[in-house]
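These notes concern the structure reproduced below.
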Amino acid sequence: MRKIFLTMVVLTLLISARESTGATPVSAEQLDKIGMNFALGKGMKQDLKKSFYYFKRASDMNYAPAEYHVGVAYDNGYWVKKDMKKAMSYYLKAAKQYHQDAEYTLAKLYDEGKKVKQDKKKAEYWYDKAAKHGDAYAKNALGDMYKKGDGVKKDTAKAIRYYQTAANKGNSDAQYKMAVLSQEGRVVARDEKKAVSWYVGAAKSGNVDAQNELGEMYQNGHGVAKDLKKAYSLYQEASANGSAKAMNNLGNMYANGYAVKRDKVKAYEYYKKAAKLGDIEGQYHVAVAYAGGQGIKKNHKEAATWFKKAADKGVKKAQYALGIAYEKGYGVKKDIYIALEWYKKAGNPN
């Protein structure tokens, strides 16, 4: 580390000396590298002001990576006052020199329309440019556009081709989408083994949804040999990464004693975590726990509250349970007419 620090200090001093004596100027690449090292505090003390200075010097020499870095600075207000007009100008300069990150950034800005006026045509144009230069994120984004018909003519086959190429380059979002498509079998041939393969790739890259879905594949033995311990492990990983669905699944495992000792208290705790994050199954299970005193003290009022949360989101069994609550007066004021309304919404909950 000390060696790197000394090397960067010497390089910085040499650049200053060469410029002051009129010697051959240093390259834009060297200036940009020093700017990045100052930005990251790599080999020298972090100094964002100096970082921008070197990025700007390099960008003045039409060096695309530096132009992109200056664009990022103005975009986010790093080291300078935020200025989207200047940011777009620098992004465009870099993109015109085929800088992949600049192309993708322009596309995303036009696609989202939060910082600049939304323009789907320009978004598609720059996504396409970045995709042709190998950007997997751009390919995944184009897949989304063609799948939804968002700013382009809907083309499912084209969307799948983009997802496939992005997935093959390791994009976890695209891998997850290919897994779902392979599992559902609606627009591509149903192949659960292939779905598992894609889920594995996405899960290894940290895709939380893939971690949970892979857990469900192992739990149910779809496309892979049934393995409850493996399912539990994957749910734990996804839950630790914030997946509400995985939390609900862990609740189910503790409630039923799958791969773990049955524990109603832990089941309730996981259901409650999922419910607080808005998971409708978690909300229903919390209501059931309160209604039956499973892992928590029986409380019909709390049960009705959680049944209502799930019922409002269309959970039929919660709507039916709420109908019973109003019919019997469990946790709510008895009202047969409200009960009938919920029964009507529920239809046949089974």
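In this text, residue positions in the sequence shown follow my numbering: the first is 2, and each later residue adds one.
Think of the CB as a built atom: it goes at the ideal place given N, C-alpha and C, for glycine as much as any other residue.
Closest by C-alpha distance to residue 340, when choosing among 262, 116, 325:
Comparing Cα-Cα distances from residue 340 to each of 262, 116, 325, the minimum goes to 325.
Helix or strand or just coil, what does DSSP make of residue 184?
The answer is helix: DSSP assigns residue 184 an H, G or I state.
Going straight from the alpha carbon of residue 309 to that of residue 160, what length do you get?
Using only the alpha carbons, I get a separation of about 39 Å.
Based on Cα-Cα distance, which residue from 111, 70, 252 lies nearest to residue 94?
Checking every option, the nearest Cα to that of residue 94 belongs to 70.
Got a sec? Which residues, its chain only, sit under 7 Å from residue 265 by beta carbon, not counting five neighbours each side?
Answer for residue 265: 256, 295, 296, listed in chain order.
With contact counted as at least three CB pairs below 8 Å, one residue from each stretch, are the region 154–173 and the region 201–211 in contact?
Judged by Cβ distances under 8 Å, the region 154–173 makes contact with the region 201–211, as three or more pairs qualify.
Just to confirm, is the Cβ distance from residue 259 to residue 287 under 9 Å?
In this structure, the beta-carbon distance from residue 259 to residue 287 does not fall below 9 Å.
Quick one: is residue 347 buried, meaning 16 or more other Cβ sit within 10 Å of its Cβ, or exposed?
Classification of residue 347: buried, given that the 10 Å Cβ count is 16 or more.
Where does residue 284 fall in DSSP's three states?
Judged by DSSP in its simplified three-state form, residue 284 adopts helix.
Tell me whether residue 183 is buried or exposed, calling it buried when 16 or more other Cβ atoms sit within 10 Å of its Cβ.
Flag for residue 183 reads buried.
Measure the C-alpha to C-alpha separation of residue 146 and residue 177 and round it to an integer number of angstroms.
Roughly 16 Å separates the two Cα atoms.
DSSP three-state assignment for residue 256, whether helix, strand or coil:
Helix.
On the three-state DSSP scale, how would you describe residue 343?
Three-state DSSP puts residue 343 in a helix.
Three-state secondary structure (DSSP) of residue 80:
It is coil, neither helix nor strand.
Measuring only the C-alpha atoms, how far is residue 68 from residue 278?
Using only the alpha carbons, I get a separation of about 41 Å.
Restricting to Cα atoms, I'd like to know which of 313, 274, 318, 263 is closest to residue 289.
Ranking 313, 274, 318, 263 by CA distance to the CA of residue 289 puts 318 first.
Which of the three DSSP states is assigned to residue 62 in this structure?
Looking at residue 62 - three-state DSSP - the assignment turns out to be coil, as it is neither helix nor strand.
Buried versus exposed, by CB contacts within 10 Å (16 or more), residue 1:
Because the chain here runs from 2 to 351, residue 1 falls outside it and cannot be looked at.
Close beta carbons around residue 23, own chain, < 7 Å, minus the five adjacent residues each side:
Annotation note: pLDDT 44 at residue 23 (below 50); position unreliable, coordinate value reported separately. Annotation for residue 23: no residue places its beta carbon closer than 7 Å to its own, counting only its chain and skipping 5 residues before and after.
Spatial neighbours of residue 244 in its chain, beta-carbon cut-off 6 Å, leaving aside the 5 residues before and after
The residues are 209, 213.
Cutoff 6 Å; reference residue 285; Cβ partners in own chain excluding five residues on either side:
Result list for residue 285: 311, 316, 319, in chain order.
Suppose contacts are defined by Cβ-Cβ distances below 9 Å. Is residue 229 in contact with residue 254 by that definition?
Against a cut-off of 9 Å, the Cβ pair of residue 254 and residue 229 comes out as a contact.
Using the beta-carbon count (16 or more within 10 Å), is residue 99 buried or exposed?
In the assembly as shown, residue 99 is an exposed residue. Its beta-carbon has fewer than 16 other beta-carbons within 10 Å.
Just to confirm before moving on: does the CB-CB distance between residue 275 and residue 291 stay below 9 Å?
No; because the gap between Cβ atoms is not below 9 Å, this pair is not in contact.
Have a look at 314, 168, 195, 216 and flag the residue whose alpha-carbon is nearest the alpha-carbon of residue 237.
Nearest option by C-alpha distance: 216.
Residue 115 versus 104, 77, 139, residue with shortest Cα-Cα distance:
Ranked by Cα distance from residue 115, the options 104, 77, 139 are led by 77.
Starting from the C-beta of residue 333, find all residues in its chain whose C-beta is less than 7 Å away, skip the five residues before and the five after it, and write them out in chain order.
Close CB contacts of residue 333 within its chain, under the 7 Å cut and outside five residues either way in sequence, are with 305, 326, 327 (chain order).
Check whether the Cβ atoms of residue 168 and residue 179 lie closer than 9 Å to each other.
In this structure, residue 168 sits near residue 179, with a CB-CB distance shorter than 9 Å.
Thinking C-alpha only, which one of 128, 151, 27 is nearest residue 62?
Of 128, 151, 27, the residue nearest in Cα terms is 27.
I think residue 299 touches residue 293, with their Cβ atoms under 8 Å apart; what is that distance to the nearest whole Å?
Separation of the CB atoms of residue 299 and residue 293 is rounded to 7 Å, and the pair is thereby assigned contact status at 8 Å.
Within its chain, find whatever has a CB closer than 8 Å to the CB of residue 280; leave out the 5 residues flanking it on each side and keep chain order.
245, 246, 248, 249, listed in sequence order.
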